[in-house]
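Scroll down for the structure; my scribbles are underneath it.
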Amino acid sequence: MSKQEFTVTVYTENQIGLLNRIAIIFSRRKINIESLNTSPSEVEGIHRFTIVINEVEEVVKKLARQIEKQVEVLKAYYNTNEEIVWQELAMYKVPTDEIAEKVKVERLLREYGARAVVIRKDYTIFETTGQREETDKLISVLEPYGLIEFVRSARVAIIKASSGFHEKLKEFEQTEPGEEVIENEFLDKQDEVFTM
Amino acid sequence: MSSTIEMAPKKIQTKDKATSLSGSQAVLEAFLAEGVDTIFGYPGGAIMPIYDALYDYQERLNHILVRHEQGGIHAAQGYARTSGRTGVVFATSGPGATNLVTGLADAMIDSTPLVCITGQVFAHLLGTDAFQETDVINITTPVTKWNYQVTDATEIPSVLAKAFYIAKSGRPGPVLIDITKNAQIQKFDYEGYEKCNHIRSYRPKPIVRKEYVEQAAKMINEAERPFVIFGQGVILGKAETEFLKFIEKAGIPTAWTILGESAIPTDHPLAVGMLGMHGNYGPNVLTNECDVLIAIGMRFDDRVTGRLDKYARQAKVIHLDIDPAEIDKNVKSAVPVWGDCKETLPLLTELIAPKVYPQWLQKFREYQQQEEETCINPELNPTSDEMTMGEVIRTLNELTGGDAVIVTDVGQHQMVACRYAKFTQSKSNVTSGGLGTMGFALPAAVGAKFGAPSRTVVAIIGDGGFQMTLQELGTIMQFDVDVKILILNNQFLGMVRQWQQLFHDKRYSFVNITSPDFVQVAKGYRIEGNSISERDKLKAAVKTMLDHKGAYLLEVMVGKENNVFPMVPQGCSVAEIRLK
Chain A
1 MSKQEFTVTV YTENQIGLLN RIAIIFSRRK INIESLNTSP SEVEGIHRFT IVINEVEEVV
61 KKLARQIEKQ VEVLKAYYNT NEEIVWQELA MYKVPTDEIA EKVKVERLLR EYGARAVVIR
121 KDYTIFETTG QREETDKLIS VLEPYGLIEF VRSARVAIIK ASSGFHEKLK EFEQTEPGEE
181 VIENEFLDKQ DEVFTM
Chain B
1 MSSTIEMAPK KIQTKDKATS LSGSQAVLEA FLAEGVDTIF GYPGGAIMPI YDALYDYQER
61 LNHILVRHEQ GGIHAAQGYA RTSGRTGVVF ATSGPGATNL VTGLADAMID STPLVCITGQ
121 VFAHLLGTDA FQETDVINIT TPVTKWNYQV TDATEIPSVL AKAFYIAKSG RPGPVLIDIT
181 KNAQIQKFDY EGYEKCNHIR SYRPKPIVRK EYVEQAAKMI NEAERPFVIF GQGVILGKAE
241 TEFLKFIEKA GIPTAWTILG ESAIPTDHPL AVGMLGMHGN YGPNVLTNEC DVLIAIGMRF
301 DDRVTGRLDK YARQAKVIHL DIDPAEIDKN VKSAVPVWGD CKETLPLLTE LIAPKVYPQW
361 LQKFREYQQQ EEETCINPEL NPTSDEMTMG EVIRTLNELT GGDAVIVTDV GQHQMVACRY
421 AKFTQSKSNV TSGGLGTMGF ALPAAVGAKF GAPSRTVVAI IGDGGFQMTL QELGTIMQFD
481 VDVKILILNN QFLGMVRQWQ QLFHDKRYSF VNITSPDFVQ VAKGYRIEGN SISERDKLKA
541 AVKTMLDHKG AYLLEVMVGK ENNVFPMVPQ GCSVAEIRLK
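What follows is the structure in structure tokens.
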């Protein structure tokens with residue numbers, strides 16, 4: 001089994017420190033996180049993590065179980081790239097003069113699905129969304145014209161086969177009775193032990 | 001770590017018109033509501049409001065002042081392991097809290113339910129490197145089942161209810177609640193305590209899948225050489241009776257992991273001994289000959305499996321566990337039975353046919369015979385004048401009838417004790433299994449006695465481990481804790497020396513440890529004691545220890561360079577276990 005890109009999707013409570021708990025599951029096994037996105041999901045109070053790693057499936061499966069074991073994690077899924085639709089957002093800052101003079105901006109926007117977010121005298125910011133190779137292409141086009149700054153977001157992904165989380169959430173909301181704590185049989189015999 | 005040096009807060013956050021309870025009182029009210037009777041702890045600056053409140057609760061909550069926070073948490077572990085309840089610990093911020101880390105890691109890996117309360121600096125000082133401030137939540141995240149920082153007293157009832165629920169339910173584990181000093185002082189309108197029995201995102205017990213139980217039963221019914229291996233899950237699930245019914249109907253030879261030991265009587269007709277690196281010969285070798293391996297409440301630790309690629313490759317594995325993450329983690333199962341074994345075992349027992357496997361069981365007995373001749377007999381009936389650890393344990397068995405709680409530290413004595421001790425009842429073997437924490441036994445024995453006050457508690461400790469936490473003799477002295485301390489002194493860090501002998505050409509690098517006069521040390525703590533080195537004094541000395549009213553320390557000088565065998569050398573298959 002060889003390593004490949006996997007996207008781990010995690011639904012969690014919105015809780016301080018949980019990011020650390022989840023990150024530790026990867027770091028203690030010396031697994032690098034290629035990309036991590038966390039933000040509120042469509043359900044209030046529930047956050048969604050999208051984590052990209054390169055690993056073999058056997059390991060990813062175990063990781064998903066370890067993540068799901070955390071008290072504040074509702075559900076963890078893992079998927080190959082074939083099983084998801086994903087996008088990254090990229091922003092490019094370039095000198096306005098250069099770009100206006102030397103590039104056919106109109107064509108560039110059309111070809112790469114980019115759009116201008118900010119146009120100032122000194123610089124222009126374009127943005128585009130797409131998969132890595134798509135957003136990379138625009139870097140190579142803009143670089144000769146003095147790319148000033150580039151930023152790319154973490155991956156966001158939707159699982160093709162999933163039927164949404166709303167239904168699943170209802171199951172989680174159900175109140176289940178917890179186990180009763182068995183009373184200490186020695187509770188009434190404290191005099192035999194304590195001298196204070 | 002105690003300290004009273006404290007910066008005055010600029011402003012203590014309090015709720016308007018709040019009068020009823022302080023955060024500290026709410027903590028103690030939560031304890032009462034959860035049925036806590038004993039707290040182990042050590043005060044300090046940042047937890048002082050809780051200790052102040054405790055002053056008024058002394059009649060209802062017994063607090064045991066330990067001598068070091070590590071001692072406190074190990075005591076709470078010992079308490080939890082013998083009582084089957086949740087252990088409770090107090091520590092202050094900074095060094096107090098960091099001293100808990102070893103115990104947290106130990107409890108985490110051994111699935112021990114604990115609720116630890118640490119004090120924290122005022123909320124407005126968080127992140128300022130204030131006096132005795134450490135980021136306790138981040139430090140303890142990898143070694144807790146759950147942790148949480150409280151900065152507002154109103155959270156305390158619900159957070160503590162969650163803490164107790166999480167610690168105890170499902171696969172148990174340690175929980176740490178860090179409470180800032182302002183939250184401890186803050187008054188708020190207390191609306192009573194409500195126990196927690198559900199958390200939306202937390203599934204303590206997986207839903208039992210009947211089809212897997214059916215598949216497992218079919219596999220067991222068709223097996224020719226089935227073998228049951230079990231761990232602490234049987235004890236934690238309080239499923240001892242269900243487990244016995246299962247193996248007795250199935251008639252399958254049964255072996256335990258170190259933490260599973262005592263769940264069934266050691267002399268049960270189907271018991272074939274202990275698994276693992278220093279386990280018994282038969283169960284280790286025959287793991288690689290069985291056709292169906294039924295693993296119950298155990299997690300295939302590497303000390304049990306040896307080399308994984310040569311572990312039970314011929315067997316179909318049925319794995320019963322409450323923690324879905326354990327299924328297929330180390331050993332791939334043919335049939336996973338997720339669930340609490342108290343629920344799954346009766347379902348399985350119902351579906352299996354009553355059977356016996358006389359020839360298969362006989363194979364275990366044959367290996368047992370070989371082990372008797374090569375290892376057990378020389379250990380229990382040595383020809384040299386030097387005493388062996390094994391004969392000390394045998395004497396203890398004879399005098400206690402197997403009814404004592406035995407708390408062991410880590411090293412050769414631990415392996416010998418677990419190999420040779422006899423147990424008649426569950427929750428009797430308390431040891432640091434997964435983490436291998438030297439210094440565990442003395443404080444854990446203190447806690448074990450509070451957890452099971454009517455039972456004899458014997459701490460068996462090596463000369464090395466004893467010196468790691470011997471300050472807890474002070475706790476024993478102050479609270480008259482009736483524990484028997486049996487030091488097996490071989491004047492070496494014995495297990496490391498054994499490895500150096502076998503795998504490092506006898507290069508005994510820093511394993512020769514000089515010890516004080518332990519009996520004199522005990523006397524300094526007003527604890528009676530004795531030291532012996534001759535065999536003919538052994539039985540009388542152990543009897544004196546057991547008959548003594550109150551704590552007693554007995555040091556037995558044993559052979560310096562004895563080894564624990566059998567042994568599965570690291571990196572070898574369980575079938576390659578060495579008898580000598």
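Going line by line, the protein sequences match chains A and B. Quick note, the first sequence lines up with residues 1 to 196 if you use the UniProt record's numbering. Quick note, the second sequence lines up with residues 1 to 580 if you use the UniProt record's numbering. C-beta atoms are modelled at their ideal positions from N, C-alpha and C, and glycine is treated no differently. Just so you know, these numbers come straight off a predicted model, no measurement behind them.
Original post:
With K449 of chain B and D482 of chain B assumed to form a contact (beta carbons below 8 angstroms), what rounded beta-carbon distance in angstroms separates them?
Top reply: Position 449 of the second sequence, counted from the first residue, corresponds to residue 449 of chain B. Position 482 of the second sequence, counted from the first residue, corresponds to residue 482 of chain B. That pair is a contact at about 6 angstroms.
Original post:
Are there 16 or more other CB atoms within 10 angstroms of the CB of P172 of chain B, so buried, or fewer, so exposed?
Top reply: If you number the second sequence from 1, residue 172 of chain B lands on position 172. The residue in question, P172 of chain B, is buried, as its Cβ has 16 or more Cβ neighbours within 10 Å.
Original post:
T12 of chain A CB to nearest chain B CB: under 8 angstroms?
Top reply: Along the first sequence, one-based indexing puts residue 12 of chain A at 12. Chain B contact via Cβ: present.
**OP:** Can you give me the Cβ contacts of L19 of chain A inside the same chain, cut-off strictly under 7 angstroms, excluding the 5 residues immediately before and after it?
**Re:** As a position in the first sequence, residue 19 of chain A is number 19, starting the count at 1. Within the same chain, L19 of chain A has close Cβ partners T38.
Original post:
Count the other CB atoms within 10 Å of the CB of T80 of chain A; is the residue buried (16 or more) or exposed (fewer)?
Top reply: To locate residue 80 of chain A, count along the first sequence from 1; it is residue 80. With fewer than 16 Cβ atoms within 10 Å of its Cβ, T80 of chain A is classed as exposed.
Original post:
Listing by chain order, which chain A residues have their CB less than 9 angstroms from the CB of T141 of chain B?
Top reply: Within the second sequence, residue 141 of chain B is the residue found at index 141, counting from 1. Neighbours of T141 of chain B on chain A, chain order: G17, N20, R21 and I24.
**OP:** Rounded to whole angstroms, what's the CA-CA distance from E379 of chain B to E391 of chain B? Just pull it up for me.
**Re:** The residue given as residue 379 of chain B occupies position 379 in the second sequence. The residue given as residue 391 of chain B occupies position 391 in the second sequence. Looking at the two C-alpha atoms, the distance is approximately 7 angstroms.
Subject >> Uninterrupted alpha helix (DSSP H) stretches inside the stretch 474-510 of chain B (no shorter than 4 residues) >> reply: 494-503
**OP:** At 4 residues or longer, and completely inside the stretch 437-463 of chain B: list those alpha helix (DSSP H) runs for me, N to C.
**Re:** 441-451
**OP:** Return the CA-CA distance between P265 of chain B and H413 of chain B, expressed in angstroms with no decimal places.
**Re:** The residue labelled residue 265 of chain B in the question sits at position 265 within the second sequence. The residue labelled residue 413 of chain B in the question sits at position 413 within the second sequence. Cα-Cα distance, rounded: 21 angstroms.
Original post:
If you check the beta carbons only, do R526 of chain B and M468 of chain B fall under 8 angstroms apart?
Top reply: For the purposes of this step, residue 526 of chain B is identified with residue 526 of the second sequence, where counting begins at 1. For the purposes of this step, residue 468 of chain B is identified with residue 468 of the second sequence, where counting begins at 1. It is not a contact, given that the beta carbons lie outside the stated cut-off.
Subject >> Segment limits, alpha helix (DSSP H) that includes L270 of chain B >> reply: Along the second sequence, one-based indexing puts residue 270 of chain B at 270. Element bounds for L270 of chain B: n/a, residue is neither H nor E.
**OP:** Starting from the beta carbon of K69 of chain A, find every residue of chain B whose beta carbon is closer than 8 angstroms, and list them in chain order.
**Re:** Indexing the first sequence from 1 puts residue 69 of chain A at position 69. In chain order: D323, P324 and A325.
Subject >> Straight-line Cα distance separating Y55 of chain B from N62 of chain B >> reply: Your numbering for residue 62 of chain B matches position 62 in the second sequence. Your numbering for residue 55 of chain B matches position 55 in the second sequence. Each residue's alpha carbon lies about 10 angstroms from the other.
Original post:
From T257 of chain B to L236 of chain B, what distance separates their C-alpha atoms?
Top reply: Position 257 of the second sequence holds residue 257 of chain B. Position 236 of the second sequence holds residue 236 of chain B. In a straight line, the C-alpha of T257 of chain B is about 14 angstroms away from that of L236 of chain B.
**OP:** Using alpha carbons as the reference points, say which of A:L142, A:H166, A:K160 and A:E83 lies closest to M91 of chain A.
**Re:** In the first sequence, the residue the question calls residue 91 of chain A occupies position 91. Nearest C-alpha to M91 of chain A: A:L142.
**OP:** Kindly indicate which residue of B:G87, B:N490, B:H548 and B:I156 has the alpha-carbon position closest to the one of D480 of chain B.
**Re:** In the second sequence, counting from the first residue as 1, residue 480 of chain B sits at position 480. Among B:G87, B:N490, B:H548 and B:I156, the Cα nearest to that of D480 of chain B belongs to B:H548.
Subject >> Neighbour flag for Y202 of chain B against chain A, beta carbons, 8 angstroms >> reply: Sequence index remark: in the second sequence, residue 202 of chain B carries index 202 (1-based). By this cut-off, Y202 of chain B is an interface position.
Original post:
Which residues in the same chain as K238 of chain B place their Cβ atom closer than 8 angstroms to its Cβ, once the five residues preceding and following it in sequence are excluded?
Top reply: On the second sequence, residue 238 of chain B is found 238 positions in, with the first residue counted as 1. Excluding positions up to five away in sequence, the list reads G84 and K342.
Subject >> Interface residues of chain A facing N138 of chain B [CB-CB closer than 8 angstroms] >> reply: Within the second sequence, residue 138 of chain B is the residue found at index 138, counting from 1. Near N138 of chain B (Cβ distances below 8 angstroms), the residues of chain A are G17 and N20.
Original post:
By Cβ distance below 6 angstroms, which residues in the same chain neighbour S20 of chain B in space, the five residues on each side in sequence not counted?
Top reply: To locate residue 20 of chain B, count along the second sequence from 1; it is residue 20. For S20 of chain B, where only same-chain residues beyond five positions count, the Cβ hits under 6 angstroms are D189 and Y190.
Original post:
So does the stretch 145-160 of chain B actually touch the stretch 81-95 of chain B, counting three or more Cβ pairs closer than 8 angstroms?
Top reply: no
Original post:
Should the stretch 238-247 of chain B be regarded as contacting the stretch 192-204 of chain B, the criterion being three or more beta carbon pairs within less than 8 angstroms?
Top reply: no
**OP:** Please check if any C-beta of chain A sits within less than 8 angstroms of the C-beta of I166 of chain B.
**Re:** Position 166 of the second sequence holds residue 166 of chain B. Yes, its Cβ sits closer than 8 angstroms to a Cβ of chain A.
Original post:
In the stretch 148-165 of chain A, which residues sit with their C-beta less than 9 angstroms from some C-beta in chain B, listed in chain order?
Top reply: none
Original post:
Going by beta carbon distance, what residues of the same chain come within less than 7 angstroms of I247 of chain B, once the five residues before and after it are set aside?
Top reply: Here residue 247 of chain B refers to the residue found at position 247 when the second sequence is read from its first residue. V228, T254 and L270, listed in sequence order.
Subject >> Check whether I352 of chain B and V337 of chain B have beta carbons under 8 angstroms apart >> reply: Along the second sequence, one-based indexing puts residue 352 of chain B at 352. Along the second sequence, one-based indexing puts residue 337 of chain B at 337. In this structure, V337 of chain B does not lie closer than 8 angstroms to I352 of chain B by Cβ.
Original post:
Are the C-beta of N184 of chain A and some C-beta of chain B separated by less than 8 angstroms?
Top reply: Here residue 184 of chain A refers to the residue found at position 184 of the first sequence. In this predicted model, N184 of chain A has a pLDDT of only 39, less than 50, meaning its place in the structure is not dependable; the value taken from the coordinates is given anyway. Cβ-Cβ to chain B under 8 angstroms: yes for N184 of chain A.
**OP:** Would you list the residues sitting across from K93 of chain A in a DSSP beta bridge?
**Re:** The count along the first sequence starts at 1 and reaches residue 93 of chain A at position 93. DSSP lists A:I125 and A:E149 as partners of K93 of chain A.
**OP:** Return helix, strand or coil for A76 of chain A, following the three-state DSSP convention.
**Re:** As a position in the first sequence, residue 76 of chain A is number 76, starting the count at 1. Residue state, collapsed to three classes: strand.
Original post:
Which residue's Cα is closest to the Cα of V285 of chain B: B:P142, B:E371 and B:D409?
Top reply: Here residue 285 of chain B corresponds to residue number 285 of the second sequence, with the count starting at 1. For V285 of chain B, the nearest C-alpha among the options comes from B:E371.
**OP:** Using a cut-off of 7 angstroms between C-beta atoms, extract the partners of I199 of chain B located in chain C.
**Re:** Included in the structure are the protein chains A and B, with no chain C among them.
Original post:
Under 8 angstroms between C-beta atoms, does K427 of chain B make it to chain A?
Top reply: Sequence index remark: in the second sequence, residue 427 of chain B carries index 427 (1-based). Answer no: the Cβ-Cβ gap between K427 of chain B and chain A never drops below 8 angstroms.
Original post:
Using a Cβ-Cβ distance under 8 angstroms, would K62 of chain A count as near chain B?
Top reply: For the purposes of this step, residue 62 of chain A is taken as residue 62 along the first sequence, with counting starting at 1. It does: the Cβ of K62 of chain A has a partner Cβ on chain B nearer than 8 angstroms.
Original post:
Taking 8 angstroms as the CB-CB limit, is K549 of chain B close to chain A?
Top reply: Numbered from its first residue, the second sequence carries residue 549 of chain B at position 549. For K549 of chain B, the answer is no, since every Cβ of chain A falls outside 8 angstroms of its Cβ.
**OP:** Give me whichever residues DSSP pairs with F90 of chain B in a beta bridge.
**Re:** Residue numbering aside, residue 90 of chain B sits at position 90 when the second sequence is read from its first letter. DSSP output for F90 of chain B lists B:G41 and B:I117 as bridge partner(s).
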